Amino acid sequence: MKKYTYPPKPLTYILALILPLTLFALLLAAACSPAPQNHWEMTSPDRQVAVAVSLSETGTLSYSLTHSGRKVLGESPLGMVFEESAFDAGLTLKSVARLRNQNDHYTMLTGKRKENHAHWNELQLHFTNTDAKPVNLNFRVFNTGLAFNYSFESSSDQTYTLEEELTGFQLPADGYGWMHPYDTVWQWAPSYETHFEHKVPVGTPSPWNKNGWAFPMLFFTGDDWVLISDADMPEGYVGMIVDGNPQGGLYTLNLPPEEEAMGICPSQPTLTLPFRTPWRLAITGDNPGVILESNMVFDVSTPNVLGDVSWIKPGRSAWSWWSESDSPRDYHRMKEFIDFTSEMGWEYFLVDANWNEMEGGNLEQLTRYANSIGVNITNWYNSGGPHNVITEAPRDLMHTRVARRAEFETISQWGIKGVKVDFFQSDKYCIMQQYHDILRDAADFEILVNVHGSTISRGWERTYPNLMTMEAVRGAEVYKFGADFPEVAPRHNTILPFTRNVLGSMDYTPVTFSNSTYPKKTTHAHELALAVVFESGLQHFADSDMSYMSQPEYVIDYLKEVPVVWDDTRYVAGFPGEMAVLARRSGDTWYLSGISGLEEAVAAVFNLNFLESGSYTMELIGDGNSQDEFRYKERDVTAGQQFSIDMLPRGGFAGVIRRR
Numbered sequence: 023m024k025k026y027t028y029p030p031k032p033l034t035y036i037l038a039l040i041l042p043l044t045l046f047a048l049l050l051a052a053a054c055s056p057a058p059q060n061h062w063e064m065t066s067p068d069r070q071v072a073v074a075v076s077l078s079e080t081g082t083l084s085y086s087l088t089h090s091g092r093k094v095l096g097e098s099p100l101g102m103v104f105e106e107s108a109f110d111a112g113l114t115l116k117s118v119a120r121l122r123n124q125n126d127h128y129t130m131l132t133g134k135r136k137e138n139h140a141h142w143n144e145l146q147l148h149f150t151n152t153d154a155k156p157v158n159l160n161f162r163v164f165n166t167g168l169a170f171n172y173s174f175e176s177s178s179d180q181t182y183t184l185e186e187e188l189t190g191f192q193l194p195a196d197g198y199g200w201m202h203p204y205d206t207v208w209q210w211a212p213s214y215e216t217h218f219e220h221k222v223p224v225g226t227p228s229p230w231n232k233n234g235w236a237f238p239m240l241f242f243t244g245d246d247w248v249l250i251s252d253a254d255m256p257e258g259y260v261g262m263i264v265d266g267n268p269q270g271g272l273y274t275l276n277l278p279p280e281e282e283a284m285g286i287c288p289s290q291p292t293l294t295l296p297f298r299t300p301w302r303l304a305i306t307g308d309n310p311g312v313i314l315e316s317n318m319v320f321d322v323s324t325p326n327v328l329g330d331v332s333w334i335k336p337g338r339s340a341w342s343w344w345s346e347s348d349s350p351r352d353y354h355r356m357k358e359f360i361d362f363t364s365e366m367g368w369e370y371f372l373v374d375a376n377w378n379e380m381e382g383g384n385l386e387q388l389t390r391y392a393n394s395i396g397v398n399i400t401n402w403y404n405s406g407g408p409h410n411v412i413t414e415a416p417r418d419l420m421h422t423r424v425a426r427r428a429e430f431e432t433i434s435q436w437g438i439k440g441v442k443v444d445f446f447q448s449d450k451y452c453i454m455q456q457y458h459d460i461l462r463d464a465a466d467f468e469i470l471v472n473v474h475g476s477t478i479s480r481g482w483e484r485t486y487p488n489l490m491t492m493e494a495v496r497g498a499e500v501y502k503f504g505a506d507f508p509e510v511a512p513r514h515n516t517i518l519p520f521t522r523n524v525l526g527s528m529d530y531t532p533v534t535f536s537n538s539t540y541p542k543k544t545t546h547a548h549e550l551a552l553a554v555v556f557e558s559g560l561q562h563f564a565d566s567d568m569s570y571m572s573q574p575e576y577v578i579d580y581l582k583e584v585p586v587v588w589d590d591t592r593y594v595a596g597f598p599g600e601m602a603v604l605a606r607r608s609g610d611t612w613y614l615s616g617i618s619g620l621e622e623a624v625a626a627v628f629n630l631n632f633l634e635s636g637s638y639t640m641e642l643i644g645d646g647n648s649q650d651e652f653r654y655k656e657r658d659v660t661a662g663q664q665f666s667i668d669m670l671p672r673g674g675f676a677g678v679i680r681r682r
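Each number in this note's numbering comes from the position in the sequence shown (counting from 1) with 22 added on.
(1) Label Ala625 either buried or exposed according to how many other C-beta atoms from any shown protein chain fall within 10 Å of its C-beta, with 16 as the threshold for buried.
(2) How close, in whole Å, do the beta carbons of Asp567 and Glu358 come, if the pair is a contact with beta carbons under 8 Å?
(3) For Trp200, which of Lys439, Thr292, Val222 and Ile667 has the nearest alpha-carbon?
(4) So for Gln664, helix, strand or coil by DSSP?
(5) Would you grab the beta carbon distance between Ala340 and Phe563 for me? Rounded to a whole angstrom, and I think it's under 8 Å.
(6) Let's test the definition: count the other Cβ atoms within 10 Å of the Cβ of Glu124 and tell me whether it reaches 16, buried, or not, exposed.
(7) Do you know offhand how far Phe174's Cα is from Ala623's?
(8) Considering only residues of the same chain and omitting the five flanking positions on each side of Ser536, which have a CB-CB separation below 8 Å?
(9) Could you give the C-beta distance for Phe191 and Ile250, rounded to a whole number, given that I count them as a contact under 8 Å?
(10) Rounded to whole angstroms, what is the Cα-Cα separation between Met64 and Ala74?
(11) Are Asn151 and Phe109 touching if we call contact CB-CB under 8 Å?
(12) May I ask which residues mark the beginning and end of the alpha helix (DSSP H) holding Arg390?
(13) Threshold first: 4 residues or longer. Then list the alpha helix (DSSP H) segments lying entirely within the region 166-214, N to C.
(14) Give me the DSSP bridge partner(s) of Phe563.
(15) Considering Cα atoms alone, identify which of Gly674, Tyr638 and Glu656 is closest to Arg680.
(16) Under the three-state reduction of DSSP, which class applies to Met420: helix, strand or coil?
(17) Please identify the residue among Pro279, Thr299, Pro229 and Glu144 whose C-alpha is closest to the C-alpha of Leu188.
(18) Contact between the region 222-239 and the region 285-297: three or more CB pairs below 8 Å?
(19) How far does the alpha helix (DSSP H) with His458 in it extend, from its first residue to its last?
(20) Pull up the distance between the alpha-carbon of Asn9 and that of Glu600, whole angstroms please.
(21) Taking 7 Å as the cut-off, is the C-beta of His127 nearer than that to any heavy atom in the ligand ADP?
(22) Counting Cβ pairs, one atom from each stretch, are 3 or more of them under 8 Å apart for the region 446-462 and the region 376-388?
(23) Count the C-beta pairs between the region 308-326 and the region 117-131 that are closer than 8 Å, then say yes if the count reaches three, no if not.
(24) Thinking just about the alpha-carbon of each residue, which of Lys93, Asn60, Gln70 and Asn401 is nearest to the one in Leu734?
(25) Determine the direct distance from the alpha carbon of Ile305 to that of Lys134, and round the result to whole angstroms.
(26) Looking at Gly197: is its Cβ nearer than 8 Å to the Cβ of Gly266?
(27) Return helix, strand or coil for Ser572, following the three-state DSSP convention.
(28) What does the alpha-carbon distance come out to for the pair Phe683 and Phe371?
(29) Using the Cα positions of Pro574 and Val373, report the straight-line distance between them to the nearest angstrom.
(30) Are the beta-carbon atoms belonging to Leu604 and Pro519 less than 8 Å from one another?
(31) Go ahead and label Arg663 buried or exposed: buried means 16 or more other beta carbons lie within 10 angstroms of its beta carbon, across all protein chains shown.
(32) Sort Phe665, Asp254 and Lys335 by Cα distance to Val587 and report the nearest one.
(33) Does the distance from the CB of Met284 to the CB of Leu275 come in under 8 Å?
(34) For Ser86, which beta-bridge partners are listed by DSSP?
(35) Look at the Cβ atom of Asn160, then the Cβ atom of Tyr204, and state whether they are nearer than 8 Å.
(36) Going straight from the alpha carbon of Glu509 to that of Thr611, what length do you get?
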């Protein structure tokens with residue numbers, strides 16, 4: 023059996039001690055030298071991360087990023103081009119501002135942890151172009167990376183139409199990454215539902231070159247890790263695609279294809295001054311845990327705009343569509359699922375597509391019954407409208423304000439607590455605006471929101487805390503129609519905690535013990551572990567009531583108790599594409615879960631360093647002797663001890679740790 027040990031070789035720690043001293047000496051020398059007027063630097067509060075911005079003789083801008091003195095991003099381009107004015111050359115510096123030790127304390131209702139502290143240093147550069155038009159570049163340098171954006175100020179209501187954003191990310195040529203291609207535009211896409219490619223050499227063209235690569239992109243350069251994405255998508259802006267041919271390792275941005283959203287709006291947004299772009303992010307560290315634990319997406323996002331959010335309650339949800347796609351048409355089958363939801367103590371049940379064709383009763387009656395036994399209902403809608411041709415219903419209720427608010431008023435009077443809105447399938451600005459509009463209108467009626475067929479998480483969970491989760495992932499539903507998914511899913515699952523789920527809640531719809539059209543290859547313990555390995559403000563358990571109730575009692579008890587709101591999240595061990603082990607804390611209880619994407623049995627060895635000093639009892643559910651068998655045991659553990667667990671090929675485990 024292969025032995026998988028973490029931490030890695032001691033050289034990593036030797037370098038970690040030496041390099042900060044070297045960097046300090048370099049910074050001291052730099053402080054004694056006069057700074058040139060075409061070059062500006064800013065370091066993180068701990069001085070381990072540094073951004074350098076340069077203005078060339080022709081007035082073009084570029085930036086680079088280092089971590090512990092090592093190059094993470096080489097010289098990378100900056101600039102914006104609009105129909106009305108260009109900010110790609112001929113720029114002149116007007117002023118510089120440096121803001122140090124900036125702090126922001128905030129609370130999240132979903133995600134890796136409730137209480138958060140953002141700490142950064144900021145460099146603000148103010149330029150004018152050859153038309154004497156102003157542009158500001160803002161660089162926030164955190165201990166775990168860089169965020170930057172462009173802002174355009176004006177006292178007028180002048181408009182700019184975007185032609186091109188020149189931002190790029192220059193990766194070291196010898197690195198490799200975990201990336202997923204942007205979807206081909208067709209009836210069901212794009213929706214960020216391709217699987218992540220494993221260890222893609224830097225500079226590799228997208229296998230679907232015309233469509234490009236998609237955010238997020240994770241890279242390992244031999245010493246450092248970096249995740250590239252964006253956050254705080256403002257109203258009226260557009261989701262960018264990464265060019266599919268990153269020559270020399272330079273990853274640049276493109277506008278979405280014109281054919282998206284049935285062509286109902288152009289790819290080029292017209293923006294009214296003043297406006298800003300999203301923050302472009304480069305989260306970096308010397309181990310993948312820095313990426314997994316990061317909340318930089320929310321650190322830079324607009325704070326809660328909804329006011330009182332005491333009505334917002336994350337929770338667990340049963341869901342019938344995965345196991346029985348026609349079940350939302352059957353009132354009596356829905357009641358059986360609701361009874362099961364109540365028995366499990368889960369907070370929600372999702373009534374999916376085509377509930378408007380329900381026979382034997384209707385949604386209002388079903389909601390009344392569910393509420394009478396302590397279950398909250400969420401229900402499904404098609405987001406179209408003219409931007410899709412999908413006939414799943416109800417549709418034509420979410421794309422205009424009048425129709426949307428009328429529907430929200432009706433279902434809120436019925437007692438429905440949330441909606442799942444599906445098939446957005448574009449990153450054009452008009453669709454991005456629809457997300458903002460839905461979230462605001464839903465909040466007015468105290469309705470939670472889950473979006474599918476959607477863009478990636480972009481920090482909106484902080485701005486609109488009623489956004490419980492987003493799909494944007496190749497998840498368990500693909501067992502129904504993706505012949506290749508059983509082969510790629512085990513590895514893909516171990517990549518997601520370091521990529522997609524870093525950005526925010528992810529509606530993978532996990533824990534499928536039974537088989538769908540294409541039988542899974544993961545073990546039952548792997549599937550159980552996904553309840554904690556994957557974070558979602560509404561965790562939709564996809565399998566049937568009968569499948570769950572046929573499991574051992576200790577598995578049923580685990581699913582009854584597992585929370586979705588976390589006080590902390592810790593990386594324990596793993597490497598994307600091979601293994602992911604993490605611990606999440608709810609109150610005083612730790613949930614330790616791990617999954618393997620390897621095709622061979624493995625003994626995972628790691629330390630329980632996330633525990634405070636003391637003695638604990640662990641209840642552990644792991645792999646049995648075969649794919650569909652579990653093994654349960656209890657054992658005493660102590661803080662910091664080395665821990666080992668055997669996993670089958672594509673296996674996993676789920677543990678609960680309580681203080682003795």
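Glycine included, every Cβ here is placed at the ideal spot set by N, Cα and C.
As the structure is a prediction and not an experimental result, all values here were calculated from the model.
Based on what the coordinates show:
(1) A residue is called buried once 16 or more other Cβ atoms fall within 10 Å of its Cβ, and Ala625, having fewer, is exposed.
(2) Asp567 to Glu358, Cβ: 7 Å. Contact.
(3) If you compare the alpha carbons of Lys439, Thr292, Val222 and Ile667 with that of Trp200, the shortest gap goes to Val222.
(4) Residue state, collapsed to three classes: strand.
(5) With a contact defined as Cβ atoms closer than 8 Å, Ala340 and Phe563 qualify at about 6 Å.
(6) In the sequence under discussion, the amino acid at residue 124 is Gln, which differs from the Glu named in the question. Gln124 comes out exposed.
(7) Rounded to the nearest angstrom, the two C-alpha atoms are 55 Å apart.
(8) Once the five neighbours on either side are set aside, the close Cβ partners of Ser536 are Ser345, Asp565, Ser566 and Ser569.
(9) The Cβ separation is near 5 Å, so the contact holds.
(10) Taking the straight line joining both Cα atoms gives about 7 Å.
(11) Cβ atoms of Asn151 and Phe109: closer than 8 Å.
(12) Start and end: Leu385 to Ser394.
(13) Qualifying alpha helix (DSSP H) stretches: none in this window.
(14) For Phe563, which the question treats as bridged, DSSP gives the partners Ala340.
(15) Taking only the C-alpha atoms, the option nearest Arg680 is Tyr638.
(16) Secondary structure at Met420: coil, using DSSP grouped into helix, strand and coil.
(17) Checked all of Pro279, Thr299, Pro229 and Glu144; the closest Cα to Leu188 is Thr299.
(18) Between the region 222-239 and the region 285-297 there are fewer than three C-beta pairs closer than 8 Å, too few to call the two in contact.
(19) Looking at the DSSP string, the run of the alpha helix (DSSP H) that includes His458 is Tyr451 to Asp466.
(20) Absent from the model: residue 9. The displayed extent of the chain is 23 to 682, so no value can be given.
(21) No copy of the ligand ADP appears in this structure; indeed no ligand is present at all.
(22) Judged by Cβ distances under 8 Å, the region 446-462 makes no contact with the region 376-388, as fewer than three pairs qualify.
(23) When C-beta atoms of the region 308-326 are compared with those of the region 117-131, three or more pairs fall below 8 Å, so the two segments count as touching.
(24) The shown model of the chain, from 23 to 682, leaves out residue 734, and the question about it has no answer.
(25) Taking C-alpha positions only, Lys134 is separated from Ile305 by approximately 16 Å.
(26) Cβ atoms of Gly197 and Gly266: not closer than 8 Å.
(27) Reduced to three states, the DSSP call for Ser572 is coil.
(28) Absent from the structure is residue 683, since the part of the chain shown begins at 23 and ends at 682.
(29) Going from the Cα of Pro574 to the Cα of Val373 covers about 27 Å.
(30) Judged by beta-carbon spacing, Pro519 lies within the 8 Å limit of Leu604, meaning their Cβ atoms are closer than that value.
(31) The identity of residue 663 in the sequence shown is Gln, whereas the question assumes Arg. Exposed, since its Cβ has fewer than 16 Cβ neighbours within 10 Å.
(32) For the residues Phe665, Asp254 and Lys335, the minimum Cα distance to Val587 belongs to Lys335.
(33) Against a cut-off of 8 Å, the Cβ pair of Leu275 and Met284 comes out as no contact.
(34) Residue pairing of Ser86 in beta bridges, as defined by DSSP: Ala74.
(35) No, the pair does not count as a contact, with Cβ atoms beyond the cut-off.
(36) For Glu509 and Thr611, the distance between alpha carbons rounds to 34 Å.
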